[in-house]
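Trainee: So the sequence shown is residues 22 to 399, counted in the working numbering. Ideal Cβ positions, reconstructed from N, Cα and C, are used throughout, including at glycine. For clarity, every value in this text was computed on a predicted model and none was experimentally measured.
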Amino acid sequence: MVNRCIVIGLSQNVSSLKSLCLLSYRELKGYPSPSCYKLCAISRAAGILASRKKSLRRGFATKSPYAVKPLLISCYNFKIQNGHLQIPIGRKAYETIPLTKHTALVLSDKTLRVRSFTLTATTLSLCISKEVVTLECTGTVGVDRNLRNLTCGDEETVIQYDLSMAVEIANTTVSIVSSFKRNDRRIGQRLAMKYGKRRQNRALNLLHNATKSIVHRAFEEKKAVVLESIRGIRRLYRKGNWQGKSFRGRMNGWSFGKAQSQIEYKAAWIGLPVVRLSRRETFGTSSICPKYGERLQSDGRPRRALRCWKCEIWVDRDVVAAINISRCGRLRFDRSKGEAAEALIGNPTPTVIPGVDASKPTHLAKVSGTMLSSTDHH
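1) CYS148 lies in the beta strand (DSSP E); which residues open and close that run?
2) With DSSP collapsed to three states, give me the class of ALA114.
3) How is LYS244 classed by DSSP in three states: helix, strand or coil?
4) Between ALA239 and LEU293, which are expected to be in contact by the criterion C-beta below 8 Å, what is the C-beta distance as a whole number of angstroms?
5) Compare the Cα-Cα distances from ALA62 to each of GLY274, LEU120, TYR87 and ALA288 and report the closest residue.
6) At the level of alpha carbons, what is the spacing between ALA245 and VAL162?
7) Going by C-alpha to C-alpha distance, which of VAL179, SER56 and GLN221 sits closest to THR193?
8) In the DSSP assignment, what are the bridge partners of VAL135?
9) May I ask you to list the residues that DSSP assigns as paired with GLY274?
10) Can you give me the C-alpha to C-alpha distance between LYS279 and LEU147, rounded to a whole angstrom?
11) In the structure shown, what three-state DSSP assignment does ASN34 receive?
12) Is it the case that the segment 94-111 contacts the segment 127-147, given that we only count it when at least three CB pairs across the two stretches are under 8 Å?
13) Using alpha carbons as the reference points, say which of THR83, LYS218 and THR121 lies closest to ILE101.
14) Under 6 Å from any heavy atom of the ligand ZN, does the C-beta of GLY270 make it?
15) Assuming SER196 is part of the alpha helix (DSSP H), what are its boundary residues?
16) Taking VAL127 as part of the alpha helix (DSSP H), name the residues at either end of that continuous run.
17) Let me check understanding here. Comparing Cα to Cα, which of ASN230, CYS329, ARG78 and PRO91 lies closest to TYR58?
18) So does the segment 275-291 actually touch the segment 231-238, counting three or more Cβ pairs closer than 8 Å?
19) In this structure, how does DSSP classify CYS173 when only helix, strand and coil are distinguished?
20) Looking at the secondary structure, which residues open and close the alpha helix (DSSP H) in which ALA62 lies?
21) Can you give the Cα-Cα distance for GLY209 and ILE197, rounded to whole angstroms?
22) Grouping DSSP H, G and I as helix and E and B as strand, with all else coil, what is ARG207?
23) Output yes or no for whether 7 Å exceeds the beta carbon distance between VAL295 and GLU302.
24) By the three-class DSSP mapping on this structure, what secondary structure does ARG351 have?
25) Using the Cα positions of HIS237 and ASN345, report the straight-line distance between them to the nearest angstrom.
26) Using the Cα positions of ARG211 and ASN204, report the straight-line distance between them to the nearest angstrom.
27) Leaving out five residues before and five after ALA187 in sequence, what residues of the same chain have Cβ atoms less than 6 Å from its Cβ?
28) Of the choices PRO53, ARG79 and CYS158, whose alpha-carbon is the least far from that of ALA114?
29) Starting from the C-beta of THR48, find all residues in its chain whose C-beta is less than 7 Å away, skip the five residues before and the five after it, and write them out in chain order.
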């Protein structure tokens with residue numbers, strides 16, 4: 022049905038959902054399936070056509086699109102009861118799919134609502150939403166993302182999560198894939214996909230453990246999470262910037278966006294606020310003393326350490342960045358509360374985050390997510 026809708030959309034030169042629905046709904050009358058699946062097929066075809074139109078507008082070469090993977094998507098006429106998912110397959114006819122124990126346990130929460138399902142040949146995905154209450158925070162913690170570590174903390178405590186194993190996993194995978202000598206492109210692509218998926222799963226597992234600990238610690242201490250903006254950082258590692266091939270490959274393989282998406286999702290799931298700073302607010306956070314506002318100096322001997330001549334101590338630049346990000350986020354946090362914020366540079370007092378006196382009424386926030394449950398159905 023999806024490919025039929027795509028053909029109709031290409032012939033009539035339409036890509037909007039309303040126009041495609043008016044043109045193709047009657048054409049799908051001959052398919053022996055419930056009407057809810059026809060509406061979802063039209064919606065999916067409209068998305069594919071809109072993506073093609075966007076590529077043409079950007080000047081990219083495109084081919085005639087078509088759907089390859091068979092999917093069954095619907096947000097109507099399904100029901101979850103007694104650990105089973107009932108989906109319609111005809112007039113007063115239903116198919117029952119058993120859910121896993123973990124999925125049934127998660128769905129037993131009364132605050133969850135199942136919005137839609139996606140069924141493939143081997144998997145079942147449920148899109149769920151949850152009503153959460155925003156947590157009242159008394160402080161902020163800054164998160165500094167780096168290639169080999171994830172630094173989180175404030176003026177009181179700073180914790181570094183080691184992610185160097187992810188870099189070693191990436192280097193090992195690249196070495197293994199480059200050692201293939203067989204002159205068969207299909208087999209080479211298959212093996213590269215296999216090892217690439219293994220590399221991704223292992224790296225995401227390390228990142229998941231670190232982000233889970235960060236969100237849990239911030240929730241226990243009732244502190245909002247502050248994230249810096251490093252959008253466009255890959256422009257620094259383009260070809261022609263007089264950098265080595267291995268260095269550019271290592272930096273471009275850095276999944277800095279995954280850490281941000283995991284932290285934001287996990288924080289929203291429990292009602293923890295997340296503050297996203299702009300590039301202007303976080304400029305120079307790793308080279309400014311958080312106590313005196315002086316620029317830190319380095320003599321080149323320690324790789325990651327900087328020295329403040331007023332404090333007369335050596336400090337890791339990632340720790341300095343996490344503290345400064347926390348302070349910048351606290352300034353915005355105080356403005357949203359209606360309080361007077363302390364100065365960031367030249368503050369003569371010790372860098373201690375004060376408590377929030379003004380109270381802010383709580384509000385409900387809706388969080389949506391997707392949970393994957395593998396099932397075998399007939």
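Mentor: According to the structure shown:
1) It spans 144-154 - the beta strand (DSSP E) in which CYS148 sits, taken as one unbroken run.
2) strand
3) Reduced to three states, the DSSP call for LYS244 is strand.
4) Right, the Cβ-Cβ distance comes to about 6 Å (below 8 Å), so this counts as a contact.
5) For ALA62, the nearest C-alpha among the options comes from TYR87.
6) 6 Å
7) Checking every option, the nearest Cα to that of THR193 belongs to GLN221.
8) ILE149
9) DSSP lists no partner for GLY274.
10) 22 Å
11) coil
12) yes
13) Answer by Cα proximity: THR121.
14) Inclusion of the ligand ZN in the displayed structure is not the case, the ligand content being empty and no account of it being possible.
15) 185-199
16) 122-128
17) Minimum Cα distance to TYR58 is reached at PRO91.
18) Contact holds: three or more Cβ-Cβ distances are below 8 Å.
19) strand
20) Taken as a continuous stretch (DSSP letters only), the alpha helix (DSSP H) holding ALA62 covers 56-79.
21) 11 Å
22) helix
23) no
24) helix
25) 21 Å
26) 13 Å
27) ALA224 and LEU227
28) The option with the nearest alpha carbon to ALA114 is PRO53.
29) In the sequence on display, residue 48 carries Glu and not Thr. Counting only residues of its own chain and dropping the five nearest sequence neighbours on each side, GLU48 has a CB closer than 7 Å to the CB of ARG25 and ILE29.
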